[in-house]
Amino acid sequence: MTNMPYPHAPLAQPVCSVPPRLGAHLVDGGVDIAIEAPHATAVWACFVDPDNPSSERQVALNPGMYGIWSGHVEGIQAGQLYGIRADGRWDPAAGHVYNPAKLLLDPYARAVGRSPQLNPALYGYVIDDDGTPHFAERDERDSGAYGPLGVILPYTPAPTSHPYTPWDETVIYEAHIVGLTKTLPGVPEELRGTYAGLGHPATITHLKSLGITAIELLPIHAKMSEPFLTHKGLENYWGYNTLGFFAPEPSYATESSQQAGGQAVLDEVKNMVAALHAAGIEVLLDVVYNHSCEAGTDGVTVSWRGLDSSLYYRHDSANPGAFKDTTGCGNSFDFRRTSVIRMTLDSLRYWVEVIGVDGFRFDLAVTLGREGDNFNPNHPLYSAMATDPVLRTVKLINEPWDVGYGGWRTGQFPVPTADWNDRFRDTLRSFWLSEPAAMLHGGHGSDLRDLATRMAGSADLFGHGRLPGGRGVHASVNFVTAHDGFSLNDLTAYSHKHNDANLEDNRDGSDNNLSWNHGVEGSASEAIMTMRRKSARNLMACLILAAGTPMLTAGDEILKTQHGNNNAYCQNSPLSWLDWELGEHEENMLATTSFLLQLRREHAVFRPTQFFTGSPREGDALRDMEWLDASGNQMQDYTWFDPQARLVQMLRSGRGISRDALVIINGQAQAEQVTLPWGRGTDFELMWASQWERPRDHTEHIAPGGHLTLAPFSVAVLLGGSVES
1 MTNMPYPHAP LAQPVCSVPP RLGAHLVDGG VDIAIEAPHA TAVWACFVDP
51 DNPSSERQVA LNPGMYGIWS GHVEGIQAGQ LYGIRADGRW DPAAGHVYNP
101 AKLLLDPYAR AVGRSPQLNP ALYGYVIDDD GTPHFAERDE RDSGAYGPLG
151 VILPYTPAPT SHPYTPWDET VIYEAHIVGL TKTLPGVPEE LRGTYAGLGH
201 PATITHLKSL GITAIELLPI HAKMSEPFLT HKGLENYWGY NTLGFFAPEP
251 SYATESSQQA GGQAVLDEVK NMVAALHAAG IEVLLDVVYN HSCEAGTDGV
301 TVSWRGLDSS LYYRHDSANP GAFKDTTGCG NSFDFRRTSV IRMTLDSLRY
351 WVEVIGVDGF RFDLAVTLGR EGDNFNPNHP LYSAMATDPV LRTVKLINEP
401 WDVGYGGWRT GQFPVPTADW NDRFRDTLRS FWLSEPAAML HGGHGSDLRD
451 LATRMAGSAD LFGHGRLPGG RGVHASVNFV TAHDGFSLND LTAYSHKHND
501 ANLEDNRDGS DNNLSWNHGV EGSASEAIMT MRRKSARNLM ACLILAAGTP
551 MLTAGDEILK TQHGNNNAYC QNSPLSWLDW ELGEHEENML ATTSFLLQLR
601 REHAVFRPTQ FFTGSPREGD ALRDMEWLDA SGNQMQDYTW FDPQARLVQM
651 LRSGRGISRD ALVIINGQAQ AEQVTLPWGR GTDFELMWAS QWERPRDHTE
701 HIAPGGHLTL APFSVAVLLG GSVES
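Just so it is clear: in the sequence shown, position 716 is 716 by the UniProt record's numbering, and no numbers are missing.
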């Protein structure tokens, strides 16, 4: 225990800034450090030479107001590795677990110079070699050789400007840095699976040709894998196990950047963002402020737990030694605490101002809005983001649920945020997959009401509130797939999950997939494969052409498969990586997706900025939205309640700004001839049909009152009139 804090360690000089800035900040001649640890009795800044870890230099910080310990240390320069140690009360039953033997990461560290290495010394309590815990005993083993180290870096604002893509033009593409680029042709081998690989022209060319305007990255905050995964030889590939909210994950940087140190890693991230911005692509980050990698009371001590567990985490008021967990990950940050809100806001601003990102998707966002057990849609955190001069200018997206009491809150978050619309996901999957499966086995599907509501922008969820029009049509982030769950291809190929590679006996992952294997699990005949591809095109078309903001999952445009694994969070392997060796069918799906996104981009009728009223807008002869039956007549009220009536024509007015659009949906098991409506009395132009394997080079004109035969379970898209109509 050569690195145990020495009670007579030199005392840091007082810092000049009042109040001191949290974290480590370079100033003339040295560094100012400030750490929030209100219940600690002593806090040390520890400076480490990576070539000689045993020579840890410890400097005692000064106690100050509001539980902030601070000090100025002379002679410290950029690139210095450092950690924190804290002493105080050891009383696990009361929620206090101070242990100066544990080296901690500064929560405000801007880079990680050494990720934690799993070892019994990382635990604050005694844990035997066989894993037996003794929670009441403080462990005296020093974690200095295994704990995380931060890197002291200068403050350098982002050298880039934001694209500020309007919401109605936004198309989101959810991707993992490694999975997207690991085998992508055109990306040099040494850049694959890295920040630099994502910013490479080959990657950007794919995104631009597809029609993407924003890439939403799975977490790139520094992470630590769960011990049970490490013991199995696996890792937390997705990254939802945060170690630090300011530092980028170093393993996603190129080998040369990792060897050069924290500044090089940070520069690589910033260069990636700048390259995407130069191409007009926004960068959104999936961020996990709801919990940390320290897990439950049986977890490791690598940062917040060792500084002040009772400040940062939610504890059970009836049993202070236990955590209140609404995330399913062992702990939850306590957003009743000003300190937690401040840390979150400081982190968000840092990533916008210094890294240059354009927005965030908040994982398990209900936890961020909880005040104790209750969810407050006007939580101070959300009010702060809405009024912050930096954050109010970027895109803010909620995953609107957690696993706590009353955890489903889709549509209940405040302006100006948007929500992942899981109702859209479930409705589209049901209509095109699970219900057809039931129909073909003697059952029946649902009526058209829910499908129509989702395609029209989900006004039932986002159209209410004090403001006219509610949160607006683009508050609905529509999606059919995401990182979590089956890929689009696998939704059509598997009725059951196949997660054996995760080494959890197939117990992990959702059983509610609303998927359909079209008759056989996995590999199938060409006839079944043809049906599957059409189902995938149906889902993709409805996703792209529905009112709201579409979010695609990387790989769905090339029929990516995970072979039935619907929870590949621990699979950093070809199972998760995109396979860029494209055959004819993958090329066709890519062409289809690109074509549909081009339709959306070129015709504003597919990008409404307001909810539909069902009435003509000023100066227009057509209603802004009409629902018509197979005969081209207005849908009768009773038809909406008939589960046998699963064919509908959706006619949208372009209002003289765009051509009108007619989307015909046949959710029936038989083909049906449709009579086109009168519209403006001009021909409709058939642009695309899901029964086509690939978009056609020519179009077909059909007069009002003319006929079009739709294949079973299919979609057709037509344009009518002209901008001058």
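No residue lacks a Cβ here, since even glycine has one placed at the ideal position from N, Cα and C.
Being a predicted model, the structure only gives us computed values, none of them experimental.
How is residue i classed by DSSP in three states: helix, strand or coil?
| i | result |
| --- | --- |
| residue 212 | coil |
| residue 120 | helix |
| residue 726 | The structure shown has nothing for residue 726, since the chain only spans 1 to 725. |
| residue 93 | helix |
| residue 1 | Caution is warranted here: a pLDDT of 38 is assigned to residue 1, below 50, making its placement in the model unreliable, and the coordinate value is therefore given only provisionally. Residue state, collapsed to three classes: coil. |
| residue 242 | strand |
| residue 316 | strand |
| residue 248 | strand |
| residue 381 | helix |
| residue 16 | coil |
| residue 225 | coil |
| residue 365 | helix |
| residue 725 | Only weak support exists for where residue 725 lies, its pLDDT of 42 falling under 50; the value from the coordinates is given anyway. In the structure shown, residue 725 sits in coil (DSSP, three-state: anything other than H, G, I, E or B). |
| residue 403 | coil |
| residue 695 | coil |
So if DSSP puts residue i in a beta bridge, which residue, or which two residues, is it bridged to?
| i | result |
| --- | --- |
| residue 476 | 419 |
| residue 665 | 648 and 715 |
| residue 497 | BP columns for residue 497 are empty, so no partner. |
| residue 760 | Because the chain is modelled from 1 through 725, residue 760 falls outside the range shown and cannot be assessed. |
| residue 371 | 374 |
| residue 658 | 655 |
| residue 57 | 47 |
| residue 25 | 32 |
When you compare only the Cα positions, how much space is there between residue i and residue j?
| i | j | result |
| --- | --- | --- |
| residue 162 | residue 95 | 43 Å |
| residue 460 | residue 500 | 39 Å |
| residue 15 | residue 35 | 12 Å |
| residue 137 | residue 66 | 29 Å |
| residue 670 | residue 664 | 14 Å |
| residue 312 | residue 391 | 23 Å |
| residue 692 | residue 534 | 8 Å |
| residue 81 | residue 504 | 37 Å |
| residue 443 | residue 172 | 36 Å |
| residue 470 | residue 707 | 39 Å |
| residue 487 | residue 629 | 32 Å |
| residue 726 | residue 457 | No answer is possible for residue 726: the residues shown for the chain start at 1 and end at 725. |
| residue 121 | residue 591 | 54 Å |
| residue 682 | residue 721 | 6 Å |
| residue 152 | residue 77 | 7 Å |
| residue 3 | residue 38 | Confidence is the limiting factor: at residue 3 the pLDDT is only 49, short of 50, which leaves the residue's position unreliable, though a coordinate-based value still follows. Approximately 24 Å, taken between the alpha carbons. |
| residue 189 | residue 296 | 39 Å |
| residue 360 | residue 174 | 12 Å |
| residue 213 | residue 625 | 27 Å |
Residue i lies in the beta strand (DSSP E); which residues open and close that run?
| i | result |
| --- | --- |
| residue 616 | Element bounds for residue 616: n/a, residue is neither H nor E. |
| residue 673 | 672-675 |
| residue 550 | 549-553 |
| residue 686 | 684-689 |
| residue 341 | That residue, residue 341, is in no beta strand (DSSP E); its alpha helix (DSSP H) goes 338-350. |
| residue 47 | 40-49 |
| residue 133 | 133-138 |
| residue 286 | 282-287 |
| residue 625 | 625-628 |
| residue 451 | Residue 451 -> not in any beta strand (DSSP E); alpha helix (DSSP H) instead, spanning 449-455. |
| residue 700 | 700-702 |
| residue 362 | 359-362 |
| residue 114 | 112-114 |
Just curious, the alpha helix (DSSP H) that residue i is in, first and last residue?
| i | result |
| --- | --- |
| residue 86 | From DSSP, residue 86 is part of no alpha helix (DSSP H) but of the beta strand (DSSP E) over 81-88. |
| residue 534 | 526-545 |
| residue 607 | Taken as a continuous stretch (DSSP letters only), residue 607 belongs to no alpha helix (DSSP H), as it is neither H nor E. |
| residue 68 | Counting along the chain, residue 68 falls outside any alpha helix (DSSP H), though it belongs to the beta strand (DSSP E) covering 68-74. |
| residue 394 | It is not in any alpha helix (DSSP H) - residue 394 carries neither H nor E in the DSSP assignment. |
| residue 270 | 262-278 |
| residue 197 | 195-198 |
| residue 600 | 584-602 |
| residue 438 | 435-439 |
| residue 490 | 488-491 |
| residue 459 | 459-462 |
Which complete beta strand (DSSP E) runs does the stretch 124-178 hold, if anything under 3 residues is left out?
For the stretch 124-178, the continuous beta strand (DSSP E) assignments of 3+ residues that do not extend past its boundaries occur at 125-127, 133-138, 149-151 and 172-175, in sequence order.
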